[in-house]
Every structure is written in structure tokens, then in C-alpha cells.
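Number of protein chains: 2
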Amino acid sequence: MKEGPDIARIANLIGDPSRSNMLTALMSGKALTAGELASEAGVQLQTASGHLVRLEEGGLIKRERQGRHHYFRLADAEVATVLEALMGLAAAKGQLRTRTGPRDLELRHARVCYNHLAGELGVALYDGLRARGVLRGEGDSIALADTGRAEMEALGIELNTKSRSPECKSCLDWSARGSHLAGRLGRAILDHTFTQGWAIRPENTRIVRFTALGEAAFRKTFNF
Amino acid sequence: MKEGPDIARIANLIGDPSRSNMLTALMSGKALTAGELASEAGVQLQTASGHLVRLEEGGLIKRERQGRHHYFRLADAEVATVLEALMGLAAAKGQLRTRTGPRDLELRHARVCYNHLAGELGVALYDGLRARGVLRGEGDSIALADTGRAEMEALGIELNTKSRSPECKSCLDWSARGSHLAGRLGRAILDHTFTQGWAIRPENTRIVRFTALGEAAFRKTFNF
DNA sequence: GTGATGCTTCGGTCTGGAGCGAAGTGTCTG
DNA sequence: CAGACACTTCGCTCCAGACCGAAGCATCAC
């Protein structure tokens, strides 16, 4: 007996892990690019692109083209409401994420979040820089203190001052409680980490794999 | 990869056509056997049995064994709320099932939503009660005004004060724009409707079929 | 112009899981 | 007890779709 609207199509769209991760990321209300969403979902750009087409056709998200970027946002508030309701139900049913594997442990320790460092190490760095007064401010408006700027320059970290994107930003971390550092500074520090050879980036993952010496050097350099 | 509850598991459970048909059937609020649900979904008993195990493990439905029968019902009202919200979204996105027949019209007019009245009539009742000040509050926190409580008692509507579930709740309606009344009061009013003989309930549907006199009495009683 | 970047499309592989037949478990009737 | 009935479990097939490499567009920077 088929009555009423077809739940299954919509639920099936939300029901794929990659897509639900993208939708969850879009719950922030911000518009995100395909690349950012791919990174959020932990899949390659081609895969994400396919998912985004399906979500768009299903009416769950909307696309805005700006130059070579495609920005995506939730289609409307009703979509957000349904996602919120699903989150509530999932929480009530104890379906918290508990996946644990070797891959997962590495991801939780240190990973790339778009273009900056996330995970336990990213959160520790962020907390350390704030405790020492290198970073100031709360929430979205974080700034580099003058002493901090000098310190970064002394380390040879270049901030690409041409870009108009925010210099410092905090980004919520899912694996560790707290935030990590995003923005141009976050990007520059991650780049520095790779050029110094402290860590490598295994193919097709978000994992940032520090060497033992590399992690020690990283902690010492940023003094946390 | 974001923090928070895992939407995907729950949504994936709902996202299969067979399972969503079963859940939709259970939205009637009645307990159904595995065999009945299999025929609702259009699959063999073995297949349905597998789905029911998964839905049970996911916390969406509950099982009661009675002799050689297994009866299933939705786990709780929250599940029903989420399903109703999904129906609303699906309807808004034009994912209606192609069949639009007399049945569909009846469903839109008046139907059961878990244990309370939904459809045009349910929304009209809700709007009427609010306009007259019987119900107060916005969003999730809706309450029965003192005058309203007296009015309901005068009508002989019993509120089962033992239950700890909320007395009044609003529930989004998918067929009409607006909300209808859920919670203990919503349940009591629907029970009253049947005991008064204003409406009957055709087998195997969510339809609530009012008689002409019954609908008039219903509207007059609740004064809308 | 050339090269870099962001995204899409195409073609291919591979796995999760939906489906069913058959056999097994539990419950009722006579 | 045997046999009917309701449901579950097992074993198997099969396919949708998730994923990625490579190639193709479009846009930007120089």
C-alpha cells in the first residue's frame, strides 16, 4: 500500500555516509565549495561531485557558481530542520560515531582539514598558541598578536598577504573537544610542517603522518 | 567527518523502499505483524524479517511477541515525528508518489499520525484551538490554558495524567501547511472522535473517514 | 598565449546488501 | 503425537551505486 510522499528517496540521499557528512558540514549555514565538502566527507573530488549532483537534483542543496568555484548551501530551512530532527533521533538511539580502526586513530591524531591541521595535534597547537598570547580573540574574530606575528616571521612562515581570506580562524574539531587553527595562518603552518619534513601525507587520505622526530620538532617550534 | 550523532545510519535505515513502506504503514499507530508488513512492503516474509531485525536494532521499531505472532510498532513518538518531517520535505521537493487518487484526497483531509489526528482537519483544529486561546505557546512548548483544560474536561476528554509524555505538542503536517496537535491531548481527542462515532477507520489505512454529521459535530464541539 | 586551479564527466572496478529458496525454530490445533 | 502456521536463519545470486583514475571544461593568474 503506497500512500503519501516518498520518504525513501530523500532518506536514501541523506543515508549515505559521505553525503550525510557533507550535509552536516553545511548545517553551519555557510556556503562551502565542492573541494571543501569532499574533504569533509573524506572522499576524492570526483566522488564528491557526483554526490553533489544527486543532492542538488533531490532538492536538498543549492549551487552557486562564482568563477571557477562552485559554492553549495542547504536548499532551505526545512532541510536543516529535518537534519536536526534526524540528529536528535540518532543521538537518542545512541548512534554516536564510534568507529575505531587504525586509520581512524591516525585521523583523530592529526589530519588535514581543508588546508590546515586538525585532530588532537591541531587542537593542542591552537590551545598552546592561545595560552601563550600569540593568538587573541574569541569565536570567529581571532587575530595574530604583534609578538606572534614577529614569531611566525622569525620561523620563516609566510602568510601570503595577497589573499583576502581571513588570516586566522578557529575551526571546530570533531575528534578532539575544541577548535583548531584555520585561515591563512593555519594553512601556512601546515605547509611549513610538510616543507620541514616533519610529516608526510599518505595518498588518498586526510591523515597527516608525523615522524617521531617531526612531532617533537613541531611541538618545540610552536612551544606547546 | 564532523562531530555529532551519526545521521547516516538512521537515514540509511529509512532510505530503503521496503523499510520506508513498513515504517509508513506503522505510522497508523497500530501494531502490525511481520506478515502484514511484508505485504505492505511487497516483499517475501524472509526479506521482511531481515529488515525488521535491522529496524529493531536501529531503535526505530519495537517488537512484541504474542504466541507465534510478532507484532511491531514504532518505537516512540519521536520516530513518528521524524518520519512526518521527512514526508513534509519529500512532499515539498515534489517527490510525491505518482498515484494521486481518491485515497490520497482522503488522506490529505484527515488521517492518523501515530496516535493523533493529522491532515486538513487536524491543522484546522489546531489553528482553531490556538485562535481561541485554548492552547498557548510557540514551537515545542505548547500548553493547555486553564480555561481550555476546563473545556476539555467538560467534553469528557480524559488526559491520562499518569503518562510522563508531554501533554501538548505540535507536529508538522505534510499535506497541509501548518502544524497539528500531538501529545496526550492529541491522542485523547482522536480517541474521543472514534468513541463518539464521528469517524471510522477503514482497514489498513491511515485514513480517518468522518461522516458528514460527524465532521459537523467535530467542528462544532471544538468550535472551529 | 601558457600553466595552474576547481570542478565535471566518463569508464571502470568492487563491495554492501536486497532479494529469495530452503531449512530450522517455536507455537498453536486437533 | 502429527501437521499447520508464523517467523527466523542460512546460503546463495545479483545488481545498484560508491569510489577512483584519467580526461575534459571552464576560469583565473601571469
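Line by line, the protein sequences give chains A and S.
Quick note, the first sequence lines up with residues 214 to 437 if you use my numbering.
Quick note, the second sequence lines up with residues 214 to 437 if you use my numbering.
Note that the Cβ used here is the ideal one computed from N, Cα and C, for glycine as well.
When Gly410/A, Asp404/A, Ala244/A, Cys381/A are compared, the shortest CA-CA separation from Leu426/A is found for Gly410/A. Here Phe285/S is bridged, per DSSP, to Leu245/S, Arg276/S. DSSP places Ala224/A in the helix class (H, G or I) of the three-state scheme.
For Leu334/A, the CB contacts under 6 Å within the same chain, skipping 5 residues up- and downstream, are Ala323 in chain order. When 8 Å is used as the limit between beta carbons, Leu330/S is near no residue of chain A, the shortest such separation being about 15 Å. Taking the beta carbon of Asp404/A as reference, no residue of chain S falls within 8 Å; the closest one sits roughly 22 Å away. Taking each of Ile402/S, Gly272/S, Cys384/S in turn and checking the Cα distance to Ile370/S, the smallest one comes out for Ile402/S. C-alpha of Asp340/A to C-alpha of Arg349/A: approximately 11 Å in a straight line. Between Arg278/A and Glu269/A, the CB-CB gap reaches or exceeds 7 Å.
Linking Ala303/A to Leu226/A through their CA atoms gives a straight-line distance of about 16 Å.
In the DSSP assignment, Arg324/S falls within the beta strand (DSSP E) that extends over 324-326. DSSP, read as helix, strand or coil, puts Leu348/A in strand.
Not flagged as an interface residue toward chain A: Met235/S, since no C-beta distance is shorter than 7 Å. At least one CB atom of chain A sits nearer than 7 Å to the CB of Ile220/S. At a cut-off of 7 Å between beta-carbon atoms, Gly248/A makes no contact with chain S. Contact between Leu239/S and Arg286/S holds, since their C-beta atoms are separated by about 6 Å, short of 8 Å.
Shown here for Thr260/A: not one same chain residue has a beta carbon closer than 6 Å to its own, the five before and five after excluded. Beta-bridge partners of Ser383/S (DSSP): Leu394/S. For the C-beta of Asp340/S, not a single chain A residue is nearer than 8 Å; the gap to the nearest is close to 20 Å. When C-alpha distances from Ser231/S are compared across Asp219/A, Arg232/A, Pro230/A, Asn234/A, the shortest belongs to Asp219/A. CA-to-CA, the gap between Ala344/S and Phe435/S works out to about 12 Å. Collapsing the DSSP output to three states places Phe435/A in coil.
In this structure, the alpha-carbon of Asn328/S lies about 9 Å from that of Lys243/S. Distance from the CA of His393/A to the CA of Phe423/A, rounded to the nearest whole angstrom, comes to 17 Å. The beta carbon of Arg414/A sits closer than 8 Å to those of Val325, Phe407, Ile420, Val421, Arg422, all from its chain and outside the five residues before and after it, given in chain order.
Listed by position along chain A, the residues whose Cβ is nearer than 9 Å to that of Leu302/S are Pro218, Ile220, Ile223, Gly272, Leu273, Glu291, Val292, Thr294, Val295. In terms of Cα proximity to Val336/S, the closest of Gly399/S, Asn234/S, Ala412/S, Leu245/S is Gly399/S.
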